[in-house]
Amino acid sequence: MIYKSAIDPNTGPVYLHCWNGWHASGFISAVILKQFCGFSDLDATAYWDLGTDGANTSPRYNSIRQKIMDFEPYSEFLLEDSLGNKICAPMPEFIDSSQLHISVEHLVIVPEAIPLNTTLILTHVKFAPGKTIFSGTNTNEDLINLFAAMQKSPDLKIQISGHTDRSGNEQTNKKLSKSRAKFVYDHLIAKGISPDRLSLIGYGSAKPAYSNRTKDGRAANRRIEVKILSKKAESMDNLVDETPVVSEDSLEMHANSSLIDFEKKEIGEAVILKHVLFEPNMIELTVTSKIQADTLVDVLKRNPELSIEVFGYTDKSGIEDKNVVLSKNRAKALHDYLIEKGIDSNRLYYSGCGSGNPIASNKYRWGRDINRRIEVVIIKK
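Residue numbering for the sequence shown follows numbering that gives the first Met the number 0, beginning at 0 and increasing consecutively.
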């Protein structure tokens, strides 16, 4: 239904409703954004959190977040070209992280996006009433992710806090909560994490995250939290960390496609624009890039029936979600340049492919340089 509404201007719009609140329609909206707008798992769950307007604090809503994360887009209904941009609203430029449910998985995937002093609840770490240990630590999803985050970010220091529900004596709860924190602390030490990077505290029942009036709430309050005390200062100036460019000789050897006889190519055939090159993290067309782009302009003007799609790529450096954004912006730069030179926008589409379909090994600098490229495909002739 959504796909038909997107591609057919005579269909739609589509409205989403809940019978009681935000949660189900928000869930459907989140997976739609993954399907059609390329939202990452983290962006989609953040969208759901923001859209539920604070009515998302019950532990039972973690299952909805997990379903959003688990959703895999259907390949036959993707909108990967500029049509997708027309129907997809961007995430807010600035997001109040206090309004979001941030999991320890975020700490593995995007540590740079998590502010200092953020507190993360280990939702998969569960203690029975009165217990300070549990089995299966080596297969526990949150503990695996926490260890991975500590390994990935050597500058990361955390505080582990233990908590109880409101049952029982508070003095006993304090001891119980500290023992729970030490259980996780000892687990990380045994895995090889330096004690210099860890501290622990027990809060008893003083800081409930959920209501103690329900059984589910009390169970969720018997929990472990992790607070970010310090970490590497991340630069947000660059999308990804790409290494410098290589010599023209290597580019000639490994990317010898050209625009000669481009109009004679079959529909679906790709041509690499070997002279449209990008500096690391950059999307601007260089003088050399514009020279070859002008050749493409001439081809399109000589062949007014041709429609093309511009595909942008990155090398394998950095986080893939950011690579996709960077590659799409590179494709858009050429797309916009062609329009500026008089090519009808109805003949042009663009997509970002991230680091997919490498044409050279990302193990070597020259290969990464070549993989940061633009390809052009005829989609109509």
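Ideal Cβ positions, reconstructed from N, Cα and C, are used throughout, including at glycine.
Owing to the predicted nature of the structure, the values given are computational and were not obtained by experimental measurement.
The alpha-carbon separation between C87 and S160 amounts to approximately 40 Å. Bridge pairing for I369: absent [DSSP]. Comparing alpha-carbon positions, the option among V324, G129, I378, S344 lying closest to F38 turns out to be V324.
Secondary structure note for L347: its beta strand (DSSP E) is the uninterrupted segment 347-351. In this structure, the alpha-carbon of I6 lies about 53 Å from that of R196. For the 9 Å CB-CB criterion, T122 and P58 form a contact. With a 10 Å radius around the Cβ and a threshold of 16 neighbouring Cβ atoms, C36 comes out buried. No Cβ-Cβ contact shorter than 9 Å links R217 with F126.
Counting only runs of at least 3 residues, the region 254-296 fully encloses the following beta strand (DSSP E) elements, listed from N- to C-terminal order: 269-271. At the C-beta level, V107 and A147 come within 9 Å of one another.
Nearest Cα to L77 within the set H162, K3, N168: K3. Under a 10 Å Cβ-count criterion, N139 is classified as buried, with 16 or more other Cβ atoms of the shown protein chains found around its own Cβ. Around the Cβ of T213, a 10 Å sphere holds fewer than 16 other Cβ atoms; the residue is exposed. Its chain contains Y349 as the residues whose beta carbon lies nearer than 7 Å to that of K331, once the 5 sequence neighbours on both sides are disregarded; these appear in chain order. In this model, W47 and C17 are separated by some 14 Å (Cα to Cα). P303 sits exposed, since fewer than 16 C-beta atoms from the chains shown fall within 10 Å of its C-beta.
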